[in-house]
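Asker: Just passing along the structure, written as structure tokens.
There are 2 protein chains.
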Amino acid sequence: MPDTLPVAQYLFKRLRQLGVDSIFGVPGDYNLTLLDHVVPSGLKWVGNCNELNAGYAADGYSRIKGLGAVVTTFGVGELSAVNAIAGAYAERAPVVHIVGTPPRASQESRAKIHHTFNDGDYRRFDAMQEHVTVGQARLHHQRTATSAIDEILVQCLVHGRPVRIAIPVDMVGVTVSAAGLAGGIQIPLAVQQPHEDAVLGSVVERMYCSKKPMILVDGETRVLDVVEEVHQLIRCTGWPTFTSGFGKGLVDETLPNVYGVCSHLQKPFLELCDLVLVLGPHFSNTNTYNYLLRPQDEKSILFGAEGPDSIQVLNDVHQDLPVKHFLQQLVQRLDASKVPAHQHDLVHPAVEIKALPDISPMDPVTQTAGFWKRLSPFFRPGDIILAETGTPGYGANEFILPPHSRLFKPVTWLSIGYMLPAALGASHAQRDLVARNKCHSLSNPRTILFIGDGSFQMTVQELSTIIHQRLNVIVFLINNDGYTIERCIHGRNQAYNDVARWQYLKAPEFFNADRDGEHRAHTWQIRTWADFDLVLKDPYLIDGKGLRMVEVVMERFDAPDVLLGLLQAQIQREKVHI
Amino acid sequence: MPDTLPVAQYLFKRLRQLGVDSIFGVPGDYNLTLLDHVVPSGLKWVGNCNELNAGYAADGYSRIKGLGAVVTTFGVGELSAVNAIAGAYAERAPVVHIVGTPPRASQESRAKIHHTFNDGDYRRFDAMQEHVTVGQARLHHQRTATSAIDEILVQCLVHGRPVRIAIPVDMVGVTVSAAGLAGGIQIPLAVQQPHEDAVLGSVVERMYCSKKPMILVDGETRVLDVVEEVHQLIRCTGWPTFTSGFGKGLVDETLPNVYGVCSHLQKPFLELCDLVLVLGPHFSNTNTYNYLLRPQDEKSILFGAEGPDSIQVLNDVHQDLPVKHFLQQLVQRLDASKVPAHQHDLVHPAVEIKALPDISPMDPVTQTAGFWKRLSPFFRPGDIILAETGTPGYGANEFILPPHSRLFKPVTWLSIGYMLPAALGASHAQRDLVARNKCHSLSNPRTILFIGDGSFQMTVQELSTIIHQRLNVIVFLINNDGYTIERCIHGRNQAYNDVARWQYLKAPEFFNADRDGEHRAHTWQIRTWADFDLVLKDPYLIDGKGLRMVEVVMERFDAPDVLLGLLQAQIQREKVHI
Numbered sequence: 001m002p003d004t005l006p007v008a009q010y011l012f013k014r015l016r017q018l019g020v021d022s023i024f025g026v027p028g029d030y031n032l033t034l035l036d037h038v039v040p041s042g043l044k045w046v047g048n049c050n051e052l053n054a055g056y057a058a059d060g061y062s063r064i065k066g067l068g069a070v071v072t073t074f075g076v077g078e079l080s081a082v083n084a085i086a087g088a089y090a091e092r093a094p095v096v097h098i099v100g101t102p103p104r105a106s107q108e109s110r111a112k113i114h115h116t117f118n119d120g121d122y123r124r125f126d127a128m129q130e131h132v133t134v135g136q137a138r139l140h141h142q143r144t145a146t147s148a149i150d151e152i153l154v155q156c157l158v159h160g161r162p163v164r165i166a167i168p169v170d171m172v173g174v175t176v177s178a179a180g181l182a183g184g185i186q187i188p189l190a191v192q193q194p195h196e197d198a199v200l201g202s203v204v205e206r207m208y209c210s211k212k213p214m215i216l217v218d219g220e221t222r223v224l225d226v227v228e229e230v231h232q233l234i235r236c237t238g239w240p241t242f243t244s245g246f247g248k249g250l251v252d253e254t255l256p257n258v259y260g261v262c263s264h265l266q267k268p269f270l271e272l273c274d275l276v277l278v279l280g281p282h283f284s285n286t287n288t289y290n291y292l293l294r295p296q297d298e299k300s301i302l303f304g305a306e307g308p309d310s311i312q313v314l315n316d317v318h319q320d321l322p323v324k325h326f327l328q329q330l331v332q333r334l335d336a337s338k339v340p341a342h343q344h345d346l347v348h349p350a351v352e353i354k355a356l357p358d359i360s361p362m363d364p365v366t367q368t369a370g371f372w373k374r375l376s377p378f379f380r381p382g383d384i385i386l387a388e389t390g391t392p393g394y395g396a397n398e399f400i401l402p403p404h405s406r407l408f409k410p411v412t413w414l415s416i417g418y419m420l421p422a423a424l425g426a427s428h429a430q431r432d433l434v435a436r437n438k439c440h441s442l443s444n445p446r447t448i449l450f451i452g453d454g455s456f457q458m459t460v461q462e463l464s465t466i467i468h469q470r471l472n473v474i475v476f477l478i479n480n481d482g483y484t485i486e487r488c489i490h491g492r493n494q495a496y497n498d499v500a501r502w503q504y505l506k507a508p509e510f511f512n513a514d515r516d517g518e519h520r521a522h523t524w525q526i527r528t529w530a531d532f533d534l535v536l537k538d539p540y541l542i543d544g545k546g547l548r549m550v551e552v553v554m555e556r557f558d559a560p561d562v563l564l565g566l567l568q569a570q571i572q573r574e575k576v577h578i
Numbered sequence: 001m002p003d004t005l006p007v008a009q010y011l012f013k014r015l016r017q018l019g020v021d022s023i024f025g026v027p028g029d030y031n032l033t034l035l036d037h038v039v040p041s042g043l044k045w046v047g048n049c050n051e052l053n054a055g056y057a058a059d060g061y062s063r064i065k066g067l068g069a070v071v072t073t074f075g076v077g078e079l080s081a082v083n084a085i086a087g088a089y090a091e092r093a094p095v096v097h098i099v100g101t102p103p104r105a106s107q108e109s110r111a112k113i114h115h116t117f118n119d120g121d122y123r124r125f126d127a128m129q130e131h132v133t134v135g136q137a138r139l140h141h142q143r144t145a146t147s148a149i150d151e152i153l154v155q156c157l158v159h160g161r162p163v164r165i166a167i168p169v170d171m172v173g174v175t176v177s178a179a180g181l182a183g184g185i186q187i188p189l190a191v192q193q194p195h196e197d198a199v200l201g202s203v204v205e206r207m208y209c210s211k212k213p214m215i216l217v218d219g220e221t222r223v224l225d226v227v228e229e230v231h232q233l234i235r236c237t238g239w240p241t242f243t244s245g246f247g248k249g250l251v252d253e254t255l256p257n258v259y260g261v262c263s264h265l266q267k268p269f270l271e272l273c274d275l276v277l278v279l280g281p282h283f284s285n286t287n288t289y290n291y292l293l294r295p296q297d298e299k300s301i302l303f304g305a306e307g308p309d310s311i312q313v314l315n316d317v318h319q320d321l322p323v324k325h326f327l328q329q330l331v332q333r334l335d336a337s338k339v340p341a342h343q344h345d346l347v348h349p350a351v352e353i354k355a356l357p358d359i360s361p362m363d364p365v366t367q368t369a370g371f372w373k374r375l376s377p378f379f380r381p382g383d384i385i386l387a388e389t390g391t392p393g394y395g396a397n398e399f400i401l402p403p404h405s406r407l408f409k410p411v412t413w414l415s416i417g418y419m420l421p422a423a424l425g426a427s428h429a430q431r432d433l434v435a436r437n438k439c440h441s442l443s444n445p446r447t448i449l450f451i452g453d454g455s456f457q458m459t460v461q462e463l464s465t466i467i468h469q470r471l472n473v474i475v476f477l478i479n480n481d482g483y484t485i486e487r488c489i490h491g492r493n494q495a496y497n498d499v500a501r502w503q504y505l506k507a508p509e510f511f512n513a514d515r516d517g518e519h520r521a522h523t524w525q526i527r528t529w530a531d532f533d534l535v536l537k538d539p540y541l542i543d544g545k546g547l548r549m550v551e552v553v554m555e556r557f558d559a560p561d562v563l564l565g566l567l568q569a570q571i572q573r574e575k576v577h578i
């Protein structure tokens with residue numbers, strides 16, 4: 001390690017230490033010299049087609065690897081990415097947004113230059129990005145640059161939310177001390193608080209005296225970094241366990257007491273429970289079936305109720321108790337013999353799937369006849385599965401996931417177009433994990449995307465990056481002729497819910513995928529159950545490399561039950577109005 | 001006209017009165033009921049593939065028709081569009097950004113719902129959008145809704161900058177009085193100011209006593225709405241007239257005293273002038289060849305120096321003098337016999353083009369051998385020509401434009417990816433003008449886009465909208481294998497300046513263009529000057545309908561002179577470092 005190095009390399013090497021192996025972004029004239037330092041710092045550069053997609057990709061990467069990064073240019077680039085950064089903020093994905101900014105002299109003299117509003121005001125974009133980031137650093141000073149970088153990265157990791165680092169062109173090469181790199185970043189450890197013991201005691205007591213307890217694993221469990229501790233809790237209690245949509249994929253669904261997503265169908269069971277342990281709660285309307293699944297405070301213990309250091313026991317919120325540390329104490333303290341069992345008659349989803357009725361091979365594939373449920377056998381350990389907002393997002397609740405798999409589902413931000421670039425990012429993370437030998441000994445795990453036609457059109461160009469990076473990605477394109485989710489909500493026959501009809505399976509050719517060799521792109525079309533069976537057994541699909549794309553043609557108003565309920569309500573409203 | 005109507009229709013009908021015939025956007029669950037009112041209000045709905053593209057399209061529309069509008073949904077939609085709105089702010093395009101927001105009750109109760117940060121804070125997006133809009137209206141109150149709409153539209157028109165109108169779902173159908181619609185919106189007229197006469201006098205005096213005067217038409221002339229007055233000034237003085245890059249296309253270049261874009265080559269001439277009348281100045285670095293063309297204050301008169309109501313004479317800025325009114329007075333007051341003539345030896349660009357050297361038909365087409373100059377005969381009256389940031393943006397300076405044509409060039413915001421959706425918007429505006437019989441008796445004028453491969457990839461999906469709206473658009477895709485403009489600036493051989501190679505001419509097939517009939521898409525490829533001659537004479541290209549696409553294959557480092565200068569400087573720097 002040299003004694004000094006350029007600021008840019010300090011930043012990039014720090015990211016590498018923290019597990020970032022690939023970085024996303026788009027070049028622009030205020031970040032070109034910055035990009036010169038990416039590869040020399042040991043990172044891989046992944047150029048995206050546009051900045052929104054780059055932001056989404058970094059988000060996807062971070063949800064798999066624990067940290068992601070994206071580089072854009074001042075103004076035009078960073079604003080194009082802002083919606084992705086906002087989504088990462090809303091759903092707690094730790095993304096470092098690095099923005100190449102104009103030289104300090106231009107900023108200080110208020111020069112009227114391009115990528116500004118020609119008014120000398122250089123702080124507007126800082127101000128806008130503050131709303132979507134948990135911390136901001138402007139690297140304008142040589143002596144404070146490295147400490148500013150370290151501090152902001154800690155913020156990013158502790159809160160699991162995006163930060164923005166603005167680096168002026170003329171700071172990129174400024175020499176700084178490399179000393180800080182030797183030690184790695186210290187994430188502040190939990191400090192034992194005087195009230196911790198009492199809170200622990202009350203949680204244990206509450207657990208011991210419950211009669212009908214359950215566990216609900218929600219999605220902020222990921223960023224609390226307590227997936228392992230939660231599994232210990234699930235195993236040690238044996239209590240019936242559900243996930244929210246956001247939490248799905250964080251828990252091993254092959255465990256006998258894990259029952260999949262807690263949907264409106266479980267409402268009666270939930271009502272009967274007298275204690276609900278909620279891990280990483282995220283109680284938005286879309287993640288709780290319109291609050292239907294939010295347990296009453298009086299019978300809940302929330303781990304991470306108001307951020308990563310808070311525990312809510314019944315109505316009391318206890319702050320300054322880092323959840324990971326708290327859970328470790330809790331699992332240690334629990335006496336298995338005192339943990340009550342909960343007698344119930346829940347049926348494990350795996351049993352339900354075996355009981356699916358037969359279907360006629362020549363019938364069209366429909367969601368109502370079990371398209372989503374019947375996909376489960378296709379998944380295998382290590383798969384990353386992404387289901388875009390729309391019918392796939394609801395459908396994915398019905399998947400039964402194998403161990404070591406992960407799922408991305410719409411949660412709260414619900415920005416359609418997110419999932420395709422997120423699949424690019426997640427797949428890169430998957431590949432980087434394999435390279436670091438941290439992927440459960442799997443050598444070539446798959447990333448599988450389910451996406452509707454409307455969403456696909458939003459960010460389609462990133463398929464090109466998936467192709468040219470030779471990633472192992474399977475795309476199921478649900479072609480149901482427009483925004484079916486919106487048709488269910490309102491305007492079922494309105495033209496504004498239509499999208500142009502594309503020849504979707506021509507995409508690999510347009511984006512110039514290999515036409516031969518092992519990364520040759522393969523495409524299929526599914527219309528009937530016979531097609532479904534045939535395609536899902538095709539070894540090129542199952543074990544191929546590079547992009548594989550399956551167009552599933554479905555009827556406009558075919559959707560999961562929840563959406564069909566909205567559609568029926570809409571039809572009822574129309575009748576009233578007539 | 002009914003006595004009352006829903007708020008949404010008041011808004012849309014008002015837009016229609018102001019010349020908006022087509023409105024762009026993307027549906028989302030907080031704007032669906034709003035969209036129900038688009039067609040009943042007499043507007044055409046143009047659904048885009050994503051919100052950034054929709055914003056760009058509305059910007060393009062507004063620059064042709066004087067006002068544009070885009071509809072997005074709360075949070076995800078509006079943030080995706082924010083970079084387009086920022087560009088409209090920077091370059092003064094009056095765009096009305098209408099955002100469908102959650103019901104008032106959700107907002108007031110701070111409900112944790114989707115498209116928020118799950119924290120009950122509903123004002124963040126308002127705060128972010130304030131930075132990129134000249135006015136904001138939140139339509140939360142029935143009694144003030146119509147006056148708020150009217151006021152905000154006046155702001156938009158007077159300043160030529162975007163405004164944001166947020167309309168909660170439950171306000172869409174609220175009944176309001178239609179009375180205001182009867183009168184139309186009154187843009188405040190100029191009020192005679194006591195100092196106007198003195199300022200007019202000093203301007204006239206300065207003009208009479210100049211020896212070497214010139215006129216520089218800059219781009220804010222468009223939004224000052226003084227194109228007609230400027231032509232009177234050009235004709236009545238006979239003075240040598242140039243445009244900036246931003247101003248190009250606003251002035252009839254067939255006039256004998258109009259000499260095209262004032263580039264660095266005109267610096268010596270500019271130096272010799274003792275008076276420069278600048279109309280609609282916009283002195284950013286990129287619009288002035290790095291301030292080279294910004295005339296000294298001591299010899300300038302700036303019309304619109306600091307907004308639409310300011311006149312700068314030498315060093316003094318006079319406020320509250322609306323430029324349009326001032327120019328009308330000025331032209332009236334000028335005594336042609338007292339206006340001095342300026343003897344000079346400028347050569348009209350039309351003469352230069354005729355003197356272009358012969359080229360060998362089998363030579364590859366290059367920018368250095370006059371690709372841009374040689375295109376001029378292809379253009380015809382009424383064409384809208386768009387040249388994207390990159391080599392086309394510089395190349396377009398060399399076009400000689402026919403009367404009634406318009407040009408979009410990179411100015412200050414320089415957000416690559418803008419021009420393709422802007423072409424969609426401009427072409428729609430062109431079609432709407434024809435329908436209103438306001439397009440100089442032209443029946444089917446063309447929109448012609450020049451765009452590099454890197455920019456094309458950014459927003460490619462909007463080609464689908466161009467195709468399916470059957471717009472008369474010609475795309476020249478400059479395929480020079482990556483970000484050539486960035487290669488010229490820095491990192492000429494760096495991988496981050498590469499883009500994936502696509503089969504660009506497969507785009508119409510992928511996007512499902514007609515394969516027969518009058519709107520069948522046509523494609524061509526140009527590699528040599530022989531191809532160039534053949535393709536540009538093809539009647540399908542010249543007079544076809546629908547999308548025509550020409551791929552022009554060029555060498556990586558082929559660029560206009562200005563960029564080649566940067567490239568040479570880069571090579572020199574590298575030598576010094578070795």
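These protein sequences, in sequence, are chains A and B.
Each residue of the first sequence is one higher than the one before, counting from 1 in the UniProt record's numbering.
Each residue of the second sequence is one higher than the one before, counting from 1 in the UniProt record's numbering.
The beta-carbon is built from N, C-alpha and C at its ideal position, and this holds for glycine as well.
(1) Which value, in whole angstroms, describes the spacing of the CA atoms of K438 of chain B and R431 of chain B?
(2) I'd like the span of the alpha helix (DSSP H) that includes L153 of chain B, first residue to last.
(3) What distance in whole Å lies between the Cβ atoms of Q136 of chain B and R164 of chain B, which are believed to be in contact at a cut-off of 8 Å?
(4) Any beta carbon from chain A within less than 7 Å of R124 of chain B's own beta carbon?
(5) Can you pull the chain A neighbours of K545 of chain B, defined as C-beta to C-beta under 8 Å?
(6) Three-state secondary structure (DSSP) at V258 of chain B?
(7) Sort B:E229, B:N480 and B:F511 by Cα distance to A500 of chain A and report the nearest one.
(8) Residues of chain B with a CB under 8 Å from the CB of R501 of chain A: which are they?
(9) Can you find a CB in chain A that lies within less than 7 Å of the CB of C236 of chain B?
(10) Would W45 of chain B count as contacting chain A if we go by Cβ distances under 7 Å?
(11) Around the Cβ of T101 of chain A, are there at least 16 other Cβ atoms within 10 angstroms (buried) or fewer (exposed)?
(12) Counting only runs of 4+ residues fully inside the region 44-104 of chain A, write out the alpha helix (DSSP H) ranges in chain order.
(13) Indicate whether at least one CB of chain B lies closer than 7 Å to the CB of L79 of chain A.
(14) Got a sec, what are the start and stop residues for the beta strand (DSSP E) Q570 of chain B sits in?
(15) Can you list, in chain order, the residues of its chain with a C-beta nearer than 7 Å to that of K211 of chain B? Leave out the 5 residues immediately preceding and following it.
(16) Quick check: the Cα distance between S360 of chain B and E51 of chain A, rounded to an integer number of angstroms?
(17) If I measure Cβ to Cβ from L34 of chain A and keep anything under 6 Å in the same chain, skipping five residues before and after, which residues do I get?
(18) Can you find a C-beta in chain B that's less than 7 Å from the C-beta of A86 of chain A?
(19) Whose Cβ in chain B lies nearer than 9 Å to the Cβ of Y89 of chain A?
Answerer: Straight from the coordinates:
(1) For the purposes of this step, residue 438 of chain B is identified with residue 438 of the second sequence, where counting begins at 1. For the purposes of this step, residue 431 of chain B is identified with residue 431 of the second sequence, where counting begins at 1. Using only the alpha carbons, I get a separation of about 10 Å.
(2) As a first step, residue 153 of chain B must be located in the second sequence, where it is residue number 153. Looking at the DSSP string, the run of the alpha helix (DSSP H) that includes L153 of chain B is A145 to H159.
(3) As a working note, residue 164 of chain B is residue 164 in the second sequence. As a working note, residue 136 of chain B is residue 136 in the second sequence. Going by Cβ atoms, the distance from R164 of chain B to Q136 of chain B rounds to 5 Å, so yes, they are a contact pair.
(4) Sequence index remark: in the second sequence, residue 124 of chain B carries index 124 (1-based). True, the Cβ-Cβ gap to chain A drops below 7 Å.
(5) For the purposes of this step, residue 545 of chain B is taken as the residue at position 545 of the second sequence. Here the premise fails: no neighbours, minimum Cβ distance about 18 Å.
(6) For this step, residue 258 of chain B is matched to residue 258 along the second sequence. Here V258 of chain B sits in strand by DSSP.
(7) Residue numbering aside, residue 500 of chain A sits at position 500 when the first sequence is read from its first letter. Comparing Cα-Cα distances from A500 of chain A to each of B:E229, B:N480 and B:F511, the minimum goes to B:F511.
(8) As a first step, residue 501 of chain A must be located in the first sequence, where it is residue number 501. Within 8 Å Cβ-Cβ: N512.
(9) Here the question's residue 236 of chain B lines up with position 236 in the second sequence. By this cut-off, C236 of chain B is not an interface position.
(10) If you number the second sequence from 1, residue 45 of chain B lands on position 45. At least one chain A Cβ lies under 7 Å of W45 of chain B.
(11) Position 101 of the first sequence, counted from the start, is the residue given in the question as residue 101 of chain A. Classification of T101 of chain A: buried, given that the 10 Å Cβ count is 16 or more.
(12) 51-65 and 76-90
(13) The residue you call residue 79 of chain A lines up with position 79 of the first sequence. Yes, L79 of chain A lies at the interface with chain B (some Cβ there is under 7 Å from its Cβ).
(14) Residue numbering aside, residue 570 of chain B sits at position 570 when the second sequence is read from its first letter. Note, Q570 of chain B: premise wrong, no beta strand (DSSP E); alpha helix (DSSP H) at D561 to H577.
(15) Start at 1 with the first residue of the second sequence, and residue 211 of chain B comes out as number 211. Excluding residues within five positions, the ones whose Cβ falls inside 7 Å are D274 and P340.
(16) Taking the second sequence and counting its residues from 1, one reaches residue 360 of chain B at position 360. Taking the first sequence and counting its residues from 1, one reaches residue 51 of chain A at position 51. If I take the Cα positions, the gap works out to 41 Å.
(17) Working through the first sequence from its first residue, we reach residue 34 of chain A at position 34. Same-chain partners within the cutoff: A8, G100 and V172.
(18) Position 86 of the first sequence, counting from 1, holds the residue named residue 86 of chain A. Chain B contact via Cβ: present.
(19) By 1-based counting over the first sequence, the position of residue 89 of chain A is 89. Ordered by position in chain B, the residues that pass the 9 Å Cβ test against Y89 of chain A are F117.
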